[in-house]
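Report on the structure given below.
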Amino acid sequence: MTNSITQNALRALLYEVTTLPKPGLVDPANPGPHPDMNIYTFIDSSLSLEHYFNKATQIGQTFTGADLPAMFTQLRQEGLLAEEEMLTATNGVNTHKGAIFALGIFVCAQSYCKKNQVELFATIAKMCHGLVEHDLEKNNQLQTAGEREFQQYSIGGARAQAEQGYPIVKKYALPFLKQSTGTLQCRLLDTLMKIATVTVDSNLIKRAGNYDVINWLHSCASQYLALGGYATVLGKKYLLKLNQICLDHNYSLGGCADLLIGTIFVALEQGQL
Ligand SMILES: CC(C)(COP(=O)(O)OP(=O)(O)OC[C@H]1O[C@@H](n2cnc3c(N)ncnc32)[C@H](O[C@H]2O[C@H](COP(=O)(O)OP(=O)(O)OP(=O)(O)O)[C@@H](O)[C@H]2O)[C@@H]1O)[C@@H](O)C(=O)NCCC(=O)NCCS
Ligand SMILES: Nc1ncnc2[nH]cnc12
457 MTNSITQNAL RALLYEVTTL PKPGLVDPAN PGPHPDMNIY TFIDSSLSLE HYFNKATQIG
517 QTFTGADLPA MFTQLRQEGL LAEEEMLTAT NGVNTHKGAI FALGIFVCAQ SYCKKNQVEL
577 FATIAKMCHG LVEHDLEKNN QLQTAGEREF QQYSIGGARA QAEQGYPIVK KYALPFLKQS
637 TGTLQCRLLD TLMKIATVTV DSNLIKRAGN YDVINWLHSC ASQYLALGGY ATVLGKKYLL
697 KLNQICLDHN YSLGGCADLL IGTIFVALEQ GQL
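The opening residue of the sequence shown carries number 457 in the working numbering; numbering runs sequentially from there.
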């Protein structure tokens, strides 16, 4: 049976993909720079992960002992199976690889924290201790974009966020979302852009083929928020322009989307949405 943590994980995935207009991402109006996906691919992908989130919840609930990296190892095995289930549901399209990793960690850690009455972000940092060293520093295979970017630019991408206990979610996105007002659509769009002011998105670097694009994104996202965000005429106009630029240049904000998903999940769990 689906538990409440899994329900909030699925809600987080669906809230994110439903929010529009998101620059560089799939939304109900537009696949953006992802011609192989659409909103239906994301719905199918999200629902295929129910079993995985139930497993992640179970791992967090039943894990005992102080060796939290061992809990992460258990989760990762389930994550690999979940990737296969996602690819079956989407006919081979990578919709949620980053979210299987990040949201799986949030779900497992939240379940552990509820049982053991400890703090979420510190628990995640303990679970993921040594991840960058294990996956990136001691790995010379360099197959994925993230692995190659670590060698080229010394950035840890999705793994570094996890190992640091998701500082972007904890320090920027969650406080921003909590204090925001207005429609949920505006709040989530503005939170995505808040995330974009600080994230080093390995997906975007891969698409652009250079690191300078990160400085460009940080500056655009800051300018958007300074205009007042989506609730203002100027902010809305600016976001639509950014949408078009991402489409024209094939820029994707896949990493930012994953961090928004994690933020929504924590806000739902804390009863703040
Ligand atoms: C650690 C993994 C997440 C993946 O590691 P891997 O080395 O396989 O991949 P990376 O290249 O490092 O990609 C990581 C994905 O994480 C997201 N991301 C990027 N930057 C950040 C960031 N700063 N903070 C958080 N998250 C970040 C992002 O995911 C989104 O993009 C995905 C689409 O990417 P891609 O496949 O490249 O798609 P396209 O550009 O469309 O490419 P093509 O279609 O042209 O091929 C999408 O999923 C978003 O969610 C990065 O892509 C984890 O998977 C892992 O541990 N892998 C090893 C195997 C494993 O143990 N798996 C089980 C995990 S529990
Ligand atoms: N809406 C979205 N579009 C593209 N990649 C994503 N990864 C997570 N959410 C996404």
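Don't be surprised by glycine CBs; every beta carbon is placed ideally from N, CA and C.
(request) Look at the alpha carbon of residue 607 and the alpha carbon of residue 678, and state the distance between them as a whole number of angstroms. (result) 28 Å
(request) Can you tell me which of the three DSSP states residue 486 falls into? (result) Annotated three-state conformation of residue 486 is strand, per DSSP.
(request) Report whether the distance from the Cβ of residue 554 to the nearest heavy atom of ligand 2 is below 7 Å. (result) yes
(request) Could you have a look at residue 708 and say whether DSSP puts it in helix, strand or coil? (result) coil
(request) Closer than 7 Å by C-beta to residue 726: which residues in its own chain qualify, once you throw out the five before and the five after it? Chain order, please. (result) The beta carbon of residue 726 sits closer than 7 Å to none of the beta carbons in its chain outside the five residues before and after it.
(request) To the nearest angstrom, report how far apart residue 717 and residue 560 are at their CA atoms. (result) 11 Å
(message) My parser needs the alpha helix (DSSP H) runs of 4 or more residues fully inside the stretch 604-686; what are they?
(response) 613-619, 630-635, 640-652, 658-664 and 668-682
(message) Given this structure, state the Cα-to-Cα distance separating residue 490 from residue 474, to the nearest angstrom.
(response) 15 Å
(message) For residue 637 and residue 714, what's the separation of their Cα atoms in angstroms?
(response) Their backbone Cα atoms lie some 22 Å apart in a straight line.
(message) If you follow the alpha helix (DSSP H) that residue 479 is in, where does it begin and where does it stop?
(response) Segment: none, residue 479 is in no alpha helix (DSSP H) and carries neither H nor E.
(message) Within 8 Å, do at least three Cβ pairs link the stretch 624-636 to the stretch 647-667?
(response) yes
(request) Would you tell me roughly how many angstroms separate the C-alpha atoms of residue 471 and residue 550, rounded to the nearest one? (result) 19 Å
(message) If I follow the unbroken alpha helix (DSSP H) through residue 500, where does it start and stop?
(response) 495-504
(request) To the nearest angstrom, report how far apart residue 488 and residue 476 are at their CA atoms. (result) 11 Å
(request) Grab the span of the alpha helix (DSSP H) containing residue 594 for me, first residue to last. (result) Careful: residue 594 lies outside any alpha helix (DSSP H) and carries neither H nor E.
(message) Mapping the DSSP letters down to three states, classify residue 519 as helix, strand or coil.
(response) Note: residue 519 maps to coil in three-state DSSP.
(request) Determine the extent of the alpha helix (DSSP H) in which residue 475 is found, giving its start and end residues. (result) Looking at the DSSP string, residue 475 is not in any alpha helix (DSSP H), and its letter there is neither H nor E.
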